[in-house]
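Asker:
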Amino acid sequence: MSSHNQSTQGPAPKMKATKPKFYAVSRGRIPGIYTTWDEAKQQVEGFSNALHQSFRTEVEAEAYISENRVTGLDQEATGDSAGVYGGEERGGYCVC
Numbered sequence: 001m002s003s004h005n006q007s008t009q010g011p012a013p014k015m016k017a018t019k020p021k022f023y024a025v026s027r028g029r030i031p032g033i034y035t036t037w038d039e040a041k042q043q044v045e046g047f048s049n050a051l052h053q054s055f056r057t058e059v060e061a062e063a064y065i066s067e068n069r070v071t072g073l074d075q076e077a078t079g080d081s082a083g084v085y086g087g088e089e090r091g092g093y094c095v096c
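According to UniProt numbering, the sequence shown holds residues 1 to 96 in order.
#1: Could you check how far apart the C-beta atoms of S26 and R69 are, in whole angstroms? I think they sit under 8 Å.
#2: Count the other C-beta atoms from every protein chain shown that fall within 10 angstroms of the C-beta of G46, then say buried if there are 16 or more, exposed otherwise.
#3: Under 8 Å by Cβ, that's how I've got I33 and A24 pegged, so tell me the actual separation to the nearest angstrom.
#4: Tell me S54's beta-bridge partners as DSSP assigns them.
#5: Report the rounded CA-to-CA distance for E58 versus A17, giving the unit in angstroms.
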């Protein structure tokens, strides 16, 4: 008999690897692509008619922004400053 104490519970459960997500903000305070929901949420929470979506790949997020680009007419109609794009220091970047 071995003196080694073995667990009767079996192997530890495997942790599910989290895949990176990209959060595309097409209409918000500072449109762009963000890598955390907290950063993206700051851009859309309380913003009238915000337009955003999460994606598994950066390419999909860029395509979404290109397809849902805010025009000058949209800005005039809403009065929002959606034409201002954030830089990397703000957690996102422009897909102009």
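Even for Gly, the Cβ is constructed at its ideal location relative to N, Cα and C.
Answerer: Inspection of the coordinates gives the following:
#1: 7 Å
#2: G46 comes out exposed.
#3: Rounded, the Cβ-Cβ distance is 5 Å, consistent with contact.
#4: Y23
#5: E58 and A17: Cα-Cα distance of roughly 18 Å.
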